[in-house]
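Notes for the one structure printed next.
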Amino acid sequence: MLRFVSIGQLVFLMVFLTRKQFTQQAVAASCFLFCLMGYLLLTAPTTNNESGLLRSISLTLTEFTPYTLWLFAFSLVNDQFKLKNLAFWIKVIVGVVLCWQVYFFGVLLGRGLFHQLSNLIAIALIAHVV
Numbered sequence: 002m003l004r005f006v007s008i009g010q011l012v013f014l015m016v017f018l019t020r021k022q023f024t025q026q027a028v029a030a031s032c033f034l035f036c037l038m039g040y041l042l043l044t045a046p047t048t049n050n051e052s053g054l055l056r057s058i059s060l061t062l063t064e065f066t067p068y069t070l071w072l073f074a075f076s077l078v079n080d081q082f083k084l085k086n087l088a089f090w091i092k093v094i095v096g097v098v099l100c101w102q103v104y105f106f107g108v109l110l111g112r113g114l115f116h117q118l119s120n121l122i123a124i125a126l127i128a129h130v131v
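With the working numbering applied, the sequence shown has no gaps in its numbers, which climb one by one up to 131 at the end.
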């Protein structure tokens, strides 16, 4: 019950952040909060059979949490940073990596060696934020 109350509070925080201005910082914060909601749903004490599709979505969002945390922190520290100003080839690489991660964690449910590599990348991103 407390888990769903927390998710409701995160939704209210997302609405509060984006209600007046739809800035890059507000979008980055909303993405981070959305991923936190996935983490809260993933940690629910249910079996894989009970969760079904919700488990794969929650796992994908949980794995994206360090990336969104880094994006949010970077947007707070660097005011000149704009995603639209990134080079096209960087956007292509990021898009391919995001598609691969959605497939790996959403469809394959994180079964494979890439899961450990993803965890190492997540640790590096969190260490960079700290």
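Cβ atoms here follow ideal geometry from the backbone N, Cα and C, with glycine treated the same way.
> Relative to the C-alpha of Phe73, which residue among Trp101, Asn79 and Ala29 is closest?
Replying inline: Here residue 73 is taken as the residue at index 72 of the sequence shown, counted from 1. Out of Trp101, Asn79 and Ala29, Ala29 has the C-alpha closest to the C-alpha of Phe73.
> Taking C-alpha atoms, which residue in Leu37, Lys21 and Met15 lies nearest to Arg1?
Replying inline: This structure gives no information on residue 1, because the portion of the chain shown stretches from 2 to 131.
> How many Å lie between Ser76 and Leu62 at the Cα?
Replying inline: To locate residue 76, count along the sequence shown from 1; it is residue 75. To locate residue 62, count along the sequence shown from 1; it is residue 61. If I take the Cα positions, the gap works out to 20 Å.
> With DSSP run on the structure shown, which of helix, strand or coil describes Val131?
Replying inline: Within the sequence shown, numbered from 1, the residue matching residue 131 stands at position 130. In this structure, Val131 counts as coil in the three-state DSSP scheme.
> Helix or strand or just coil, what does DSSP make of Gly113?
Replying inline: If you number the sequence shown from 1, residue 113 lands on position 112. Residue state, collapsed to three classes: coil.
> Alpha carbon to alpha carbon, how far is Ile8 from Thr24?
Replying inline: Locating residue 8 in the sequence shown gives position 7, counting from the first residue. Locating residue 24 in the sequence shown gives position 23, counting from the first residue. Those two C-alpha atoms are separated by around 22 Å.
> Thinking C-alpha only, which one of Gln117, Val130, Phe106 and Gly96 is nearest Leu43?
Replying inline: Within the sequence shown, numbered from 1, the residue matching residue 43 stands at position 42. Looking at the Cα atoms, Phe106 is the closest of the given residues.
>> Tell me which residues share the same chain as Leu34 and place their Cβ nearer than 7 Å to its Cβ, disregarding the 5 neighbours each side in the sequence.
In response: As a first step, residue 34 must be located in the sequence shown, where it is residue number 33. Result list for Leu34: Leu11, Leu14 and Met15, in chain order.
> Apart from the five residues just before and just after Ile127, which ones in its own chain have a Cβ nearer than 6 Å to its Cβ?
Replying inline: Looking up residue 127 in the sequence shown gives position 126. Counting only Cβ-Cβ distances below 6 Å, and skipping sequence neighbours, we find Pro67.
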